[in-house]
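These notes concern the structure reproduced below.
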Amino acid sequence: MKKLLSSTALMAACAFAAPALADTAITVNATQVFGTIDPAKINDYTEYMAAVNLYDGLTTVDNAGSVVGQLAESWEVSEDNLTYTFHLTPGATFTDGSPVEASDVVYSIKRLLALNEGPSYLFSDLVDPEAVIAVDASTVSIGLTEVFAPFLATTPLILVLNEGAVAEASETEWGEDVIAEQTYGAGPYSVASWNRGAEFILSRNTNYYAGFEGGDGAPIDTVRFVITNDEATVRALATSGQLGFSASTHTNETYAALDGLDNYSVAVIPTVTNLYLKLNTQLAPTDDIHVRRALQYATDYTLIREEIFPNGELNGPMAHAFADALNTDLPMPEYNLEKAAEELAMSSYAGQDITISLAYVAGLSFEEDIALLLQANLEAIGVTLDIQPEPWNRITELAADPATTPNATEIFNGPSYPSPDSVFYVQYHSKSAGTWASMEWLETPAVDALIDESRATTDVAEQNAIYQELQATLVDMAADVFIGTQQKRHAIHSCLTGYEFIPMMSWDYNFGDMRWACE
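The numbering of the sequence shown is this note's numbering, which starts it at 553 and goes up by one.
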């Protein structure tokens, strides 16, 4: 039985509470590898999923998308919006039992800036390392070099490391060798074992400072991630009763099969994550706007939505859940092969043989189906689509250079922090170029200027007006094919309770918030 959840609804699939076993374990399948567990290097959905279970941040995000306290219980902002002072939560401890102190926060921020990877792009030009100060053991001050209106929204990504434990375990300056393998945080879980590319097992921190009170059932003691996108394997895990929680990118047939099993239901969850066909604006022939518009017109949005991959309508780069910032004047995209042919005729490649490369994540059959549908549509107007399935890690490598980035790539992208800024800066600002989220290679001064203006504007209404102008600009540039907003589906065992959608990448996969309600 399918269940439609709002972004604030609690998934409670078991109608009763029963005594639980002394040790509870669930199996979760993930469709891509965990590339790193270093909180200063995380980049994608599996790495964020590891981070939210292994580390706590200064703040976190609730199911309404609001920033709330975690390792910091409160904070103040200076009148000039350049200094943020955080007061740490009394009694917060790391997994080894040592207290979380302001010096640990300072160390974690300076490490993030020094390594200049992962979430550092949010802070590297804004946070002055010398202005990150431990005022006392429970107070930390962070100074910015310029006003950055969404700063608080980024603080869930200030994931705090145990400086003393890292120094004791490693002889390197920033402990990259040990943090790559083990946990040095204050989160609800630690690493039990890790067979890269196959299995990743977490063990519950029974002394977690925030506790495991409440909820319907017993805390999850062991979380076993199995790395597979093989549909038959996922069905077998469910048929045997091992699967606790499925990935969100399986076929319609797999979800239907799992939904038909006695102990499973499929939750359908509206999200703020969009599926894009990212278009490389620096590589022929998608360097021509008319070719990009032809790709937009050649995409059958309705067929994809109804038959291949359920999604919500999208009229630009921003999910409609960002209601106040949404530009509602933009038209919905249109499937029209006649208009696609007209756009090609206006391009600088008119009359030539046109071949377009398209990459998708190998093993995701719905992405393959989308590619094959587009291939057939383009063939009807004389364009060859060269389909290139690639492993996810290879796609991230290709994204590093405009010469290797494919003409088009199927990419999911959702907010990595709870702000519309994460839609624009992460994907379209020149400083973000060279990542999987920014395969457009726009590098357009006018777009950069609008994004910079929105970040410096503290008036919400003015900021939303800039966001709306940005959406219109990006649609006019045909920066992407905006396929739709994901309606995420998870097959969930009937005994697993407490899942709650949170509008930040993978933050809803905090298994410390879930419970096992059966014997």
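Backbone N, C-alpha and C fix where the C-beta goes; we use that ideal spot for every residue, glycine too.
Cross-strand partners of Val-620 (DSSP beta bridge)
Thr-612
Just list the alpha helix (DSSP H) runs in the segment 795-835, keeping only unbroken ones of 4 residues or longer that don't cross its boundaries, in chain order.
804-811
Closest to Ile-947 by C-alpha separation, out of Asp-938, Phe-797, Lys-593 and Met-991, would be which residue?
Met-991
Taking only three categories from DSSP, how would you classify Pro-651?
strand
Nearest to Ile-1044 by CA position, among Arg-748, Thr-806, Thr-697 and Ser-742, is which residue?
Thr-806
Can you give me the Cβ contacts of Ala-567 inside the same chain, cut-off strictly under 8 Å, excluding the 5 residues immediately before and after it?
Reliability fails at Ala-567, whose pLDDT of 33 lies under 50, so the model's placement of it is uncertain and the value that follows must be treated cautiously. Taken in chain order, the list of residues that qualify is empty.
When you compare only the Cα positions, how much space is there between Glu-1075 and Met-898?
In the structure displayed, the chain extends from 553 to 1071; residue 1075 sits before or after that span and is not available.
Terminal residues of the beta strand (DSSP E) in which Trp-988 lies
No beta strand (DSSP E) holds Trp-988; DSSP gives it neither H nor E.
Any idea what DSSP makes of Trp-1068, helix, strand or coil?
strand
What did DSSP end up calling Asn-729 once you bin it into helix, strand or coil?
For clarity, residue 729 is Asp in the given sequence; the question names Asn instead. In this structure, Asp-729 counts as helix in the three-state DSSP scheme.
Could you compute how far the alpha carbon of Ala-808 sits from the alpha carbon of Val-778?
21 Å
Which runs of the beta strand (DSSP E) at least 3 residues long sit entirely within the segment 712-777? Give them in chain order.
741-747 and 751-756
Where does Gly-966 land, buried or exposed, given buried means 16+ other C-beta within 10 angstroms?
buried
Check Glu-859 in the structure and name its three-state DSSP category.
helix
Tell me whether Gly-986 counts as near the ligand NAP, meaning its Cβ is closer than 7 Å to at least one heavy atom of that ligand.
You won't find the ligand NAP in this model; it holds no ligand whatsoever.
Is the beta carbon of Ser-755 less than 8 Å from the beta carbon of Tyr-741?
yes
Selected residue, minimal CA-CA separation from Asp-680, among Gly-670, Ala-666 and Thr-691
Ala-666
As assigned by DSSP and simplified to three states, the class of Tyr-636:
strand
For Leu-1002, which of helix, strand or coil comes out of DSSP?
helix
Apart from the five residues just before and just after Asp-1032, which ones in its own chain have a Cβ nearer than 8 Å to its Cβ?
Tyr-828, Leu-829, Lys-830, Leu-831, Pro-869, Glu-992 and Leu-1026
So for His-842, helix, strand or coil by DSSP?
helix
With DSSP as the reference, label Trp-627 as helix, strand or coil.
strand
Alpha carbons only, please: which of Ile-821, Asp-905, Gly-695 and Thr-612 is nearest the one belonging to Arg-1041?
Ile-821
If you draw a straight line from the alpha carbon of Ile-578 to that of Ala-819, how long is it in whole angstroms?
17 Å
Tell me, to the nearest whole angstrom, how far the beta carbon of Asn-714 is from that of Asp-648; I am working on the premise that it is less than 8 Å.
7 Å
Quick test of the definition: if touching needs 3 or more C-beta pairs under 8 Å, does the segment 836-849 touch the segment 1058-1070?
no
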